[in-house]
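In the numbering used here, the protein residues as written are 143 to 352.
Glycine included, every Cβ here is placed at the ideal spot set by N, Cα and C.
Here's the structure, in structure tokens; my notes come after.
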Amino acid sequence: MEILYCDDDIVVCVKPQRVLSTDEPGGVPELVRAALGDPKADVRTVHRLDRVVGGLMVLARSAVAASELSRQIRENTFEKEYTAVVHGTPEYDVGKLYDLLIRDKARKMTMVASCEGKGVQPAVLNYRVLGKKKGMSLVRIRLETGRTHQIRVQFASRGMPLVGERKYSTREDDCEIALWSCRLAFDHPKTGKRVEFTLDPPAAYPWDCF
């Protein structure tokens, strides 16, 4: 587990793909404790990445820090940005996607709903196309909401599944899903100072096409 920053209140790490964000055997908190050399360290997940998604994560090192970061997430002052590679090209180079999503817990899938109802939640993201090549588009995404599988479903429902997507696409790409947590910005839970962390995606397909 690569640690990018650590103090008494937070730890910022690089979550590997195919690792769970939650505090269970093999999950990110356990790996962070191992990297810190303290199996009993207080490390708390405050936001999640899908198991197949990699990139930046911040974890709290106390109940107070976790509460403050969670407040920022609820109030939408905690900024989360992603880089993705999608099949196809969005209609506009800069835009906003809005959908109503509902979670099918039995199938462990998220779906677009046609109208409001029980369990239906709004999902909003902003995107900007950074490049186009070989029938794919490199996209920078900023979430306004944080629904499960939100980015994956919103693009797939428009005929632009993420490269490497297996749950919401019938394509058989020979790579990991091309979705990477590339930027986090938030107020430090103790000092209140605005902090920002950025991280480029790995130099592997399909990222290396751009």
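Alpha carbon to alpha carbon, how far is residue i from residue j?
i	j	result
G273	W349	11 Å
D255	D235	Looking at the sequence provided, one finds Ala at residue 255 rather than Asp. C-alpha separation (whole angstroms): 25 Å.
N218	A265	13 Å
E144	K332	23 Å
R289	L178	30 Å
K260	A345	42 Å
P232	T287	20 Å
K276	P343	19 Å
V195	L326	15 Å
D180	R216	30 Å
L267	R294	11 Å
M302	R249	22 Å
R193	A208	21 Å
R300	L239	10 Å
Would residue i and residue j qualify as a contact pair, given that the criterion is a beta-carbon distance under 7 Å?
i	j	result
F352	L304	no
L285	K335	no
G157	L211	Reading the sequence as shown, one finds Lys at residue 157 and not Gly. Contact: no.
L201	V161	no
Y224	I319	no
C155	M199	yes
Q263	L243	yes
F220	F339	no
Q296	D241	yes
Closer than 8 Å by C-beta to residue i: which residues in its own chain qualify, once you throw out the five before and the five after it? Chain order, please.
i	result
D165	P171, E172, V185, R186, T187
A298	L304, E307, Y310, S311
A183	V174, R175, R203
Could you pull out every residue in the same chain whose Cβ sits closer than 7 Å to the Cβ of residue i, ignoring the five residues on either side in sequence?
i	result
D150	R203
G237	Y269
Q159	V194, V195, G196, E318
Rounded to the nearest angstrom, how far is the Cβ of residue i from that of residue j, given a contact under 8 Å?
i	j	result
L341	C317	Not quite, the Cβ-Cβ distance comes to about 19 Å (not below 8 Å), so this is no contact.
H229	R313	7 Å
G197	W322	4 Å
Within the same chain, show all residues whose beta-carbon is closer than 6 Å to that of residue i, passing over the 5 residues directly before and after it, in chain order.
i	result
H291	T252
V227	M278, L280, V305, A320, P348
H330	V337
Y147	V154
S163	V170, T187, R190, L191
D315	V305, G306
A205	none
Does the distance between the C-beta of residue i and the nearest non-hydrogen atom of the ligand ZN fall short of 6 Å?
i	result
T287	Ligands are entirely absent from the displayed structure, and the ligand ZN is therefore not among its contents.
Scan the region 209-265 and note each continuous beta strand (DSSP E) run of 3 residues or more that stays entirely inside, going in chain order. 221-229, 236-246, 251-254
Runs of alpha helix (DSSP H) lying entirely within the region 268-324, each at least 4 residues, in chain order: Those alpha helix (DSSP H) runs which fall completely within the region 268-324 and span 4+ residues are 292-298.
If we require 4 or more residues per run, which alpha helix (DSSP H) segments fall completely within the region 168-214? 170-178
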